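**Student:** What follows is a structure written as structure tokens; I'll ask about it next.
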Amino acid sequence: MSGSKVVQDMEQSTSLLSVKNLRKYFPVRGGLLHTVQAYVKAVDGVSFEVQHGEILGIVGESGCGKSTLARLIQCLIEPDAGEIRFAGQPAMPTSASAFKAFCRQVQMVFQDPYSSLNPRMNIEAAVAFNAIVHGNSRTTARNKAWEVLRKVGLRPEQFGRRYPHELSGGQRQRVNIARALVLDPTLVILDEPVSSLDKSVQAQVLNLLQTLKHDLGLTYVFISHDLHVIEYLSDRVLVMYLGQIMEMGSTEQVSTAPLHPYTQALFASTPSMNPDERLDRPPLMGDPPNPMHPPSGCRFRTRCPHAMEQCAATSPPLLQVGSTGQYVACYLYSDQTAPPGPPLHPLSSAGEEIYRMSQ
Amino acid sequence: MAESAIIHVTQELLEGPAGTPMSYWQLVWWRLRRDTVTLTAAAVILCIVLSALLAPSLAPHKPFEGSIRKRLAPIGTAGHLLGTDEQGRDMLSRLLFGGRLSLLAGVVPVCIALLAGSTLGIVAGFMGRGVNMLIMRSMDIFYAFPSVLLAIAISGALGAGVGNTIIALSIVFTPPITRIAESVTTQVRGWEFMEAARASGAGTGAIIRHHMIANVLAPIFVYASTLVSVSVILASGLSFLGLGASPPNPEWGLMLNTLRQSIYVNTWVPILPGMMIFLTSMAFNLLSDGLRDAMDVRL
Amino acid sequence: MWSYILRRLLFGIPTLLGVTIIVFTLLHLAPGDPISSMLPADAPLEVVLMIKQQMGFDKPLPVQYWRWLTRVAHGDLGNSLATRRPVLNEIRAALGNTFLLAISAACIGFTMGVTLGTTAAFFQGRWLDKAVSAVAIAGVSLPHYWVAILLIIVFSVTLNWLPAMGMQETSGGSSLWTLLRHMILPSIALSLIPMGVITRMVRTSVLEVLQQDFVLTLRSKGLWARTVTRHVMKNAAPPVLTLMGLQFGYLLGGSVLVETVFSWPGSGFLLNLAIFQRDIPMLQGVILVLATFFVMLNLLVDIVHSCIDPRIRRT
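Residue numbers (the numbering used here), protein chains in the order written: chain A, 1 to 359; chain B, 1001 to 1299; chain C, 2001 to 2315.
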């Protein structure tokens, strides 16, 4: 995506994490000889920043690319194009030791409390493993593990030797958090950490996350499909749809006055307890389109009540609206109809080819 | 599977949230202790193995001596508890000594195949893509043969002898174990905790050692244990055809073959070696079933 | 779906080639000169060398392999060293006999297996289930060659109801009834292992389907037992059918032992004979034919499975 005001804004920033024009396309093979037939454009030109000490919430439906984005930031998978900078330095690790150093700073809490813990390792060992990997002796690692387990509210004397199958979902998720925190990271990526938990347990875990952030001075990137959770926890919100950012801004702005039609529909879709707020028809119709063949131009135009002619031609760039740091990718708010130019930042060779193919 | 679910729930009821937690292997042992059938099977196998090992002390006669005058004596003859074979040799002694070769030819190939198959399968599963295709397609070629046929073909090519039987059966059992190992490794590789392990910055070696091996070996081992009963039958079957142990060595399958001609004279003595094969195979089958149920992991 | 079938067929070709390589290598790895089984031990050296050259044994192995492969592709499996007759003819006759046995054993084993397995699944946990499971495990643990001998002891030697050997009476009568009489015992012996395997698989498969929610839904709608059963069986069928296909392949290849006991003139019997006479062309021919059948059977089973199980539709 070009001409993005976001990217221009990022030239002079001291953010903790900055992502520019990130792309990840997954090849889909099929047919007689297993040739590549199409690409799933999981992340297609995403740019944003995360400041020290803030909680950035990323919200979107299933299949919008949130989890892929999380793994790209954690450098578990390599992007096809774009750049990630952490604390001013390029984050793409070039060697195993560089990757290790990166992992000390950036950690991830995974979504499924059931499969994200090794069933054959007890809690203590699972948490201490991270510390051992980074050179601590067994005793130091165990002490660190105990310390961090206490912080998440699990008494290590009681829970240390237990196995994942002996814990409840909420407890397992706490272990997940403990495992991410044992290395004292700066940035924690949370990929739908409370989605599989009951509501009552969700509240506990969310409160724990807030306390930990405050006590340890952490920065969060919090991914969820649940709007209430995002509203509750985040400082800023980023709305994704089919691999692209639709809207970005502070939680207050986005939740009280959403600009993008998609965001508006999302917030209108959450059922209200108020019987007078009944809707005549659902605000969002139909299913999200196939990520292998997204609509041309603006991806949301097939479900958008305000779709215009130019929406089908080119994708609207992410532009700032007003001066309060709210960005929207929608032609309703921009008077720019300039055709797209070349991308601002150098792409990898694979990325270039993919970019050419997608034009 | 329903039984294991019940065992799991009962355990939780017994222990409660503040109970002493069990490690995985303690859990397995706890389940096994309650499974009477499996315990009986294990006891039977122990008896058979011990009697084979202690054959020299237990056997009343030497397995190779016999006089033609006493041939095919019925069960219960004085001095020969289980009768004599067609050359007048004591059946009890030959059965005891026969256990050695039969058990050897049955168990050793599975152990060898376990080693070879696990290594190949884990490497294939972990490396993926090219290496995976190479290893798995090679194994597929062996899958093109029914196992009995392959065993006979290899045995026939190599010649008679227990050693060759062991080699042949090891080759026959390696592809299925490789397949299971590869499948389990691929599955485990996709679990989130493997991603979490990578996100900790650990190198490939550490990840495999600490996280993968323990999760992968258990299913492979359980599968291999189900192969032992098949191996015992096949090994004795090869000797039955004359491809394994050669006379005058005592081996159950071979004894079955040589006694086969004599069923018109003494009906019951020829049944005994087959009975031993059956008992051993059945016991291993029950044991492996019980092991599989006990080692079922609750995720 | 057609691309899946085509791809599967395509992959079958290197497998077959691999099979031929293994068959060829095995028998050339065998200790002992194939020549020595053809000529007397004290044959003069020139004769030995001449025969070697004639049969092509002096060429390097890959060349020998290629020549052998081209001949095989044209249907010439060579002549048996023992009978001097073409191998293919002998195999054709013998294979037919084995097919007879395999099909009847399959019928017995599969029917018994499905019945027992379904019963066990529907009566899960009760004594009937345990009894059937015990029978299934016994079926898999019994050495079928031993059972064959037992059957002979009981039905031939003691009761004298059924014959113990061969396909026909020695006096030459060969009616259908005689054939059936000779076929019963070997078929039963051969059917044990497939029966055991299929019983266990059917039980697991049906149980799995029974525990699924949609069965509960059907029953809560008040549907009759028969309708529910039909739905359950349809869903439980695919893995069982695949297994049946595989088991049939094993029956074809694994009938050696039973055929030996009953002196049934099938391919297994031929195989046994060939090993002892060190009849290399016959040995190669039998193994090759059986393996080829097995490969094609597996292919068919795979394709049928992908047709009936909608979950495996490949794009």
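All C-beta atoms in this analysis are idealised placements derived from N, C-alpha and C, irrespective of residue type, glycine included. The model shown is predicted, which means the values in this text are computed figures rather than measured ones.
Can you give me, in chain order, the residues of the stretch 1121–1141 of chain B that have a beta carbon less than 9 Å from any beta carbon in chain A?
**Tutor:** none
**Student:** To test your reading of the DSSP string, which unbroken alpha helix (DSSP H) runs of 4 or more residues are found completely within the stretch 2253–2284 of chain C?
**Tutor:** 2256–2262 and 2267–2276
**Student:** Applying the 10 Å Cβ sphere with the 16-neighbour rule, what's the burial state of Q74 (chain A)?
**Tutor:** Walking along the first sequence from the start, residue 74 (chain A) turns up at place 74. Result: buried.
**Student:** Please name the residue in A:L206, A:K41, A:H214 and A:Y241 whose C-alpha comes closest to that of I230 (chain A).
**Tutor:** To locate residue 230 (chain A), count along the first sequence from 1; it is residue 230. Nearest neighbour of I230 (chain A) by Cα position, chosen from A:L206, A:K41, A:H214 and A:Y241, turns out to be A:L206.
**Student:** What whole-angstrom Cβ distance do P193 (chain A) and Q171 (chain A) have, given they're in contact under 8 Å?
**Tutor:** Within the first sequence, residue 193 (chain A) is the residue found at index 193, counting from 1. Within the first sequence, residue 171 (chain A) is the residue found at index 171, counting from 1. 13 Å between Cβ atoms; not a contact.
**Student:** Short of 6 Å in beta carbon distance, which residues of its chain neighbour L1150 (chain B), apart from the five on each side in sequence? Order them along the chain.
**Tutor:** As a working mapping, residue 1150 (chain B) is identified with position 150 in the second sequence. Only V1172 meet the Cβ criterion.
**Student:** Below 8 Å, can you find three or more Cβ-Cβ pairs linking the stretch 151–162 of chain A to the stretch 59–76 of chain A?
**Tutor:** no
**Student:** Using DSSP bridges, identify the partner residues of V321 (chain A).
**Tutor:** For the purposes of this step, residue 321 (chain A) is taken as residue 321 along the first sequence, with counting starting at 1. In DSSP, V321 (chain A) forms a bridge with A:Q326.
**Student:** Taking only three categories from DSSP, how would you classify L154 (chain A)?
**Tutor:** The count along the first sequence starts at 1 and reaches residue 154 (chain A) at position 154. Looking at L154 (chain A) - three-state DSSP - the assignment turns out to be coil, as it is neither helix nor strand.
**Student:** Step through the CB atoms of chain C and report whether any lies within less than 8 Å of the CB of F1173 (chain B).
**Tutor:** Stepping through the second sequence from its first residue, residue 1173 (chain B) is reached at position 173. Among the CB atoms of chain C, none fall inside 8 Å of the CB of F1173 (chain B).
**Student:** Is there a Cβ from chain A that is less than 8 Å from the Cβ of S1200 (chain B)?
**Tutor:** As a first step, residue 1200 (chain B) must be located in the second sequence, where it is residue number 200. Yes, because at least one Cβ of chain A sits closer than 8 Å to the Cβ of S1200 (chain B).
**Student:** Out of curiosity, what's the CA-to-CA distance linking V1216 (chain B) and L2095 (chain C)?
**Tutor:** Here residue 1216 (chain B) corresponds to residue number 216 of the second sequence, with the count starting at 1. Here residue 2095 (chain C) corresponds to residue number 95 of the third sequence, with the count starting at 1. Spanning the two alpha carbons is a distance of roughly 42 Å.
**Student:** Please report how far the alpha carbon of A1073 (chain B) lies from the alpha carbon of E1251 (chain B), in whole angstroms.
**Tutor:** Position 73 of the second sequence, counted from the first residue, corresponds to residue 1073 (chain B). Position 251 of the second sequence, counted from the first residue, corresponds to residue 1251 (chain B). Roughly 19 Å separates the two Cα atoms.
**Student:** Within its chain, find whatever has a CB closer than 7 Å to the CB of P1017 (chain B); leave out the 5 residues flanking it on each side and keep chain order.
**Tutor:** Start at 1 with the first residue of the second sequence, and residue 1017 (chain B) comes out as number 17. At P1017 (chain B), the pLDDT of 38 sits below 50, so the modelled position is not reliable and the matter cannot be decided from this model.
**Student:** K213 (chain A) CB to nearest chain E CB: under 8 Å?
**Tutor:** Considering every chain present, this structure includes no chain E. Its protein chains are A, B and C.
**Student:** Report the neighbours of I2137 (chain C) on chain B: residues whose CB is nearer than 7 Å to its CB, in chain order.
**Tutor:** Along the third sequence, one-based indexing puts residue 2137 (chain C) at 137. At a C-beta separation below 7 Å, I2137 (chain C) has these neighbours in chain B: M1282, N1285 and L1286.
**Student:** As an exercise, report each continuous beta strand (DSSP E) stretch of at least 3 residues that is fully enclosed by the stretch 1120–1205 of chain B, in chain order.
**Tutor:** If we require 3 residues or more, the stretch 1120–1205 of chain B turns out to have no beta strand (DSSP E) run fully inside it.
**Student:** Who are the Cβ neighbours of T1185 (chain B) in its own chain at under 8 Å, not counting the five residues just before and after it?
**Tutor:** Indexing the second sequence from 1 puts residue 1185 (chain B) at position 185. Contacts found: G1121, I1122, A1124, G1125, F1126, M1212 and V1216.
**Student:** Measuring straight from C-alpha to C-alpha, what distance separates S1200 (chain B) and N1132 (chain B)?
**Tutor:** Your numbering for residue 1200 (chain B) matches position 200 in the second sequence. Your numbering for residue 1132 (chain B) matches position 132 in the second sequence. Roughly 26 Å separates the two Cα atoms.
**Student:** Is there contact here, the stretch 2282–2291 of chain C with the stretch 1139–1149 of chain B, by at least three beta-carbon pairs under 8 Å?
**Tutor:** yes
**Student:** Determine the burial state of H2182 (chain C): buried for a count of at least 16 other Cβ atoms within 10 Å of its Cβ, exposed for fewer.
**Tutor:** On the third sequence, residue 2182 (chain C) is found 182 positions in, with the first residue counted as 1. It is buried - the Cβ of H2182 (chain C) has at least 16 other Cβ atoms within 10 Å.
**Student:** Expressed to the nearest angstrom, what Euclidean distance is found between the alpha-carbon atoms of T139 (chain A) and N122 (chain A)?
**Tutor:** Position 139 of the first sequence holds residue 139 (chain A). Position 122 of the first sequence holds residue 122 (chain A). Distance between the alpha carbons of T139 (chain A) and N122 (chain A) is about 16 Å.
**Student:** Leaving out five residues before and five after T337 (chain A) in sequence, what residues of the same chain have Cβ atoms less than 7 Å from its Cβ?
**Tutor:** Counted from its first residue, the first sequence places residue 337 (chain A) at position 337. In this prediction, T337 (chain A) scores a pLDDT of 38, lower than 50, which makes its location untrustworthy; the coordinate-derived value is nonetheless stated afterwards. Only Q310 meet the Cβ criterion.
**Student:** Helix, strand or coil: how does DSSP classify K1062 (chain B) here?
**Tutor:** Locating residue 1062 (chain B) in the second sequence gives position 62, where the first residue counts as 1. Look at K1062 (chain B) here: in three-state DSSP terms it is coil, with no helix or strand label.
**Student:** Classify R2126 (chain C) as buried or exposed, calling it buried when 16 or more other Cβ atoms lie within 10 Å of its own Cβ.
**Tutor:** Numbered from 1 along the third sequence, position 126 holds the residue referred to as residue 2126 (chain C). R2126 (chain C) is exposed by the Cβ-count criterion.
**Student:** For the candidate residues B:R1292, B:V1228, B:R1198 and B:P1273, whose alpha-carbon lies nearest to that of A96 (chain A)?
**Tutor:** Translated into the one-based positions of the first sequence, residue 96 (chain A) becomes position 96. Of B:R1292, B:V1228, B:R1198 and B:P1273, the residue nearest in Cα terms is B:R1198.
**Student:** Applying the criterion that 16 or more other CB atoms from any shown protein chain within 10 Å of the CB defines a buried residue, is K2221 (chain C) buried or exposed?
**Tutor:** Counting from one through the third sequence, the residue named residue 2221 (chain C) turns up at place 221. Per the 10 Å Cβ criterion, exposed.
**Student:** Less than 8 Å between CB atoms is the rule here; does N2235 (chain C) satisfy it with respect to chain B?
**Tutor:** Looking up residue 2235 (chain C) in the third sequence gives position 235. N2235 (chain C) does not count as touching chain B.
**Student:** Tell me whether P1109 (chain B) sits in a helix, a strand or coil according to DSSP, three-state version.
**Tutor:** Looking up residue 1109 (chain B) in the second sequence gives position 109. Helix at P1109 (chain B).
**Student:** Within 10 angstroms of the Cβ of H2144 (chain C), are there 16 or more other Cβ atoms? Answer buried if so, exposed if not.
**Tutor:** Along the third sequence, read from residue 1 onward, the residue named residue 2144 (chain C) stands at position 144. It counts as buried.
**Student:** Using the DSSP secondary-structure output, state which residues sit across from E49 (chain A) in a beta bridge.
**Tutor:** On the first sequence, residue 49 (chain A) is found 49 positions in, with the first residue counted as 1. E49 (chain A) is bridged to A:S18.
**Student:** What residue range is occupied by the uninterrupted beta strand (DSSP E) comprising F2155 (chain C)?
**Tutor:** As a working note, residue 2155 (chain C) is residue 155 in the third sequence. Bounds of any beta strand (DSSP E) do not take in F2155 (chain C), whose DSSP letter is neither H nor E.
**Student:** Is there a C-beta anywhere in chain B that falls below 8 Å from the one on T14 (chain A)?
**Tutor:** Looking up residue 14 (chain A) in the first sequence gives position 14. By this cut-off, T14 (chain A) is not an interface position.
**Student:** Chain B partners of Y2250 (chain C), CB-CB under 8 Å?
**Tutor:** For the purposes of this step, residue 2250 (chain C) is taken as the residue at position 250 of the third sequence. Within chain B, the residues near Y2250 (chain C) are P1146, S1147 and V1148.
**Student:** Could you tell me which of B:G1253, B:S1057 and B:L1027 sits nearest to V2261 (chain C), measuring between CA atoms?
**Tutor:** Stepping through the third sequence from its first residue, residue 2261 (chain C) is reached at position 261. The shortest C-alpha separation from V2261 (chain C) is found at B:G1253.
**Student:** What did DSSP end up calling E124 (chain A) once you bin it into helix, strand or coil?
**Tutor:** Counted from its first residue, the first sequence places residue 124 (chain A) at position 124. E124 (chain A) falls in the helix class under three-state DSSP.
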